[in-house]
Structures are given as C-alpha cells and as structure tokens.
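If you read the sequence shown in this note's numbering, its first letter stands for residue 1283, the second for the next number, and so on. The structure appears right after this line, and notes come after that.
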Amino acid sequence: MEELLRVSDLKLQFRSMRGVVKALDGVDLVVHEREILGLVGESGCGKTITGLAILGLLQRPQAEITGGEIIYRGEDLLTKNDGEMQSLRGREISMVFQDPLASLNPVFQVGHQIETVVRIHKGVSKRESRETTRKALAEVGLPATDETLKRYPHQFSGGMRQRVCMAMALACGSPLLIADEPTTALDVTIQAQILNLLLRLREELGVAQVIITHNVGVAAQTCDRIAVMYAGTVVEEGPVVEVLSRPRHPYTTALYQCLPHGHTASELQTIPGSVPDLISPPSGCRFHPRCKHVLDVCPTVKPKPVQVGDRHWVSCFWATGEDGAALGGDDAAKSVDDAAQRAKVTS
Ligand SMILES: Nc1ncnc2c1ncn2[C@@H]1O[C@H](COP(=O)(O)OP(=O)(O)OP(=O)(O)O)[C@@H](O)[C@H]1O
Ligand code: SF4
Ligand SMILES: [Mg+2]
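What follows is the structure, given as structure tokens:
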C-alpha cells in the first residue's frame, strides 16, 4: 500500500500563563492509502492536537511547532502557507471534530453549511453542490431530503450530528479523514452504527482514516494499525492484532490490563501514578516515573522507535534491549495474551 501521510518526530509546544507546555515530544506515525490507523491513549496525551497540527489548525502564536515533519503525498505540510493549507483542508484531508456541535455553525441550516464547503473546495455550481450534499447525506445513512437539509444542528441527535459532520467531510471527497473521538458521546447502538459507517467509507470509497480514541476497544474493532500515545509521544505503533496480542511497550501492556473484562470494580487495575504535567515533563522516557521495568538509562535518555516486527515499532529500552538489557517483549505478551479479546468485549 502507498504511503499517504507520515508524521515524523513532530514536536509542539504551547505558551500558557503557567509556562511552556511541551505537548508533543516527537510524534511518529504513518497512514497508508485505504488504511485505518487508530490513535489511542489517555486523556491529555496529545491525540487531538496531533490531528489539528496535521490540518494546520492550531492557534498561533500560542501553539508553536518546534520540530519534525508532516509529509502528505510527498509534500511537507509544515512548509505550506495559510492559503495552501486552506485549499488542502476538505479537498485532501478532512476532520470530524471531537465535539460535533461546536464544529457546526448553530445559526445555519446543515444543508447550507455542507453545500458552502463543497462549493469552496470543489468550485462547483450551487446545483451540483446540492446534489453532492444529498449524496453524502445518503452515504452516511441520513435521509437526503429537503427536510434534513433545512434542519439546524441543534435539531439533530448526537449520533446524527456525527453523521452530518462525516457527510461534510465526505462531500469534499478527501482521501484522508481524521475522526476525533467519533463515538465517545454516543450510546452503544449508535456507536456501532458510526463504526460500521467508518468501515464502509473505507470499503466503498477508499477513504483512509485516523481514528482518534481513548477506547482501545473501538480501535480493535475498526483499525488496521494502532499508534499508542503517552504524554506527547507515540510509544508503540503496529498492526492492531499484533499490538493487541503482543504489546511490547509497558504502557501499552498497562493500558490493556486496565480494560474491564468481566471484573468487579475492586478487581479492576489502574496504572500507578498520574499523567505528567507537560510544563515540566519527566526527563528521558516520559513514562519512567510510572514504569515497573524502568532501567538506569530511562530517566536520562529518550528511547527512539525501534522496529520489532513487520511495521511494528516500539520506543522502549526494556522492550527492545537497545541498551543491552534483556528483551522484555515475551513477558509483556504473556501478561496480556487476551488483550484483543478484552478490547472487543469492552467496546
Ligand atoms: N491551547 C492550549 N494551550 C495550552 N495547552 C494546551 C492547549 N491545547 C492543548 N493543550 C495541552 O496539550 C495536551 C494535549 O491535549 P489534547 O487535547 O491533544 O489531548 P487529547 O489526547 O486529545 O485528550 P482527550 O482524550 O481528553 O481529548 C494537554 O496536556 C493539553 O492540556
Ligand atoms: S524506556 Fe524505560 S521507563 Fe520507558 S517504558 Fe521502557 S523501560 Fe519503562
Ligand atoms: Mg482530544
């Protein structure tokens, strides 16, 4: 499969009243044509800002990209100006935002909103944009009627609003869709419908996707590959089945062990410690204060991604034995050999 998007060593910081937030500390990920990549991790690890950075939507001057590359179809998006990024958004890459209500304009009918976006990006007539809008609404399972086109965002349910946002993304025909927590606010039945819709978009229209989610189960059900983020870094990336059944990074392992699997509340596991403050993040490996396998090298040196399998990368000295320590991957695998099963059960 052809490579569509490659993010390499992306570093990003925010200026805030409290100080500089070192929010992304070297994000690496790859998305191929027609592929679905899951970007998973705890709240605050940097999933949304990674998506916003790809689309050039971060607010400047508070947000500053301090390093790395975002290569889309061979071109570095970080070298593009505002006008170039504007024309690329929607046409090449679309995003369905974490809060669909906030991303739709409350004072305009949804038909008008989608048609406007289509006209701007495709330069087509009013009639054509209306046709495209109807087709996109039908593709996401909404009635393509005048009644739907004339409704305002607040007149839809949460699940329908997600579909409206997906229709908007689809109507522009972009080959890459970034869906930020597409199912989080929805009940289980609607969640399943939205996930099926995302799968259909890939099968029928060939849309590659980055699905951002804190729910490993959602990633297990939907994605081909998975990138696990911790405190602004991708710590493990690989084929979803391999990463779920043989996780190498201690954080990935811990994340799966926290999944409920028919346990009572008292049996549920948590990851000791807390997510670090990114104004003064831990040195070396950012996971080291919480890691039960921490080595002497970990507090001082940041591990680099090392390939441990076919398209499977891990950033951890213990898992890869990069500093000469014993390989830890097999132990990690034993403790989570039913991870994929668990993830499916809890989605
Ligand atoms: N404008 C901003 N100014 C300062 N810090 C910010 C800003 N936007 C995001 N951050 C910080 O960047 C980090 C990553 O935020 P992000 O929204 O990407 O997290 P997330 O992984 O999407 O979390 P969630 O699962 O809760 O949506 C957080 O620590 C957040 O506080
Ligand atoms: S690099 Fe060290 S601290 Fe980080 S996850 Fe691996 S063993 Fe733990
Ligand atoms: Mg988010």
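We put the beta carbon where it would ideally sit given N, CA and C, even for glycine.
For residue i and residue j, what's the separation of their Cα atoms in angstroms?
| i | j | result |
| --- | --- | --- |
| Ala1474 | Ser1439 | 15 Å |
| Met1511 | Leu1480 | 22 Å |
| Met1450 | Arg1355 | 22 Å |
| Ser1562 | Ala1305 | 10 Å |
| Leu1419 | Glu1317 | 23 Å |
| Met1448 | Arg1528 | 33 Å |
| Gly1308 | Leu1321 | 15 Å |
| Gly1365 | Glu1351 | 19 Å |
| Ile1347 | Ser1411 | 36 Å |
| Val1378 | Asp1578 | 42 Å |
| Tyr1533 | Gly1328 | 15 Å |
| Thr1535 | Gly1555 | 15 Å |
| Gly1338 | Arg1373 | 14 Å |
| Tyr1538 | Ser1376 | 30 Å |
| Asp1291 | Met1367 | 21 Å |
| Gln1395 | Ile1494 | 24 Å |
| Gly1441 | Pro1581 | 44 Å |
| Leu1287 | Gly1393 | 31 Å |
| Leu1560 | Val1517 | 16 Å |
| Asn1478 | Ile1353 | 29 Å |
| Arg1300 | Leu1468 | 34 Å |
Between residue i and residue j, is the Cβ-Cβ spacing less than 8 Å?
| i | j | result |
| --- | --- | --- |
| Gly1566 | Val1583 | yes |
| Gly1333 | Asp1462 | yes |
| Ile1476 | Pro1464 | yes |
| Leu1458 | Ala1490 | yes |
| Thr1415 | Glu1429 | no |
| Arg1445 | Val1422 | yes |
| Arg1433 | Leu1383 | no |
| Lys1408 | Gly1349 | no |
| Arg1530 | Cys1598 | yes |
Short of 8 Å in beta carbon distance, which residues of its chain neighbour residue i, apart from the five on each side in sequence? Order them along the chain.
| i | result |
| --- | --- |
| Pro1558 | Ala1513, Pro1564, Arg1568 and Pro1571 |
| Pro1343 | Arg1297 |
| Met1283 | His1314, Glu1315, Arg1316 and Glu1317 |
| Cys1505 | Ile1318, Leu1319, Gly1320, Ile1493 and Val1522 |
For my contact list, residue i and residue j are in at a C-beta cut-off of 8 Å; report their separation, rounded to the angstrom.
| i | j | result |
| --- | --- | --- |
| Leu1359 | Ile1331 | The Cβ separation is near 15 Å, so there is no contact. |
| Pro1587 | Asp1310 | 6 Å |
| Ala1240 | Leu1319 | In this structure the chain extends from 1283 to 1629, so residue 1240 is not present and cannot be described. |
Suppose the cutoff is 7 Å on Cβ atoms and the five residues either side in sequence are ignored; what does the same chain contact list for residue i look like?
| i | result |
| --- | --- |
| Gly1455 | none |
| His1436 | Pro1388 |
Going along the chain, which residues of its own chain have a beta-carbon closer than 6 Å to the beta-carbon of residue i, five neighbours each way excluded?
| i | result |
| --- | --- |
| Ala1426 | Arg1416, Leu1419 and Ala1420 |
Margin query: Quick check: the stretch 1383–1403 against the stretch 1481–1494, are at least 3 beta-carbon pairs closer than 8 Å?
Written below: Contact between the stretch 1481–1494 and the stretch 1383–1403 is absent, because fewer than three Cβ pairs lie under 8 Å.
Next item on the list: Take every Cβ of the stretch 1518–1529, pair it with every Cβ of the stretch 1578–1597, and state whether three or more of those distances are shorter than 8 Å.
Entry: Taking 8 Å as the limit for Cβ pairs, the verdict is that the stretch 1578–1597 does touch the stretch 1518–1529.
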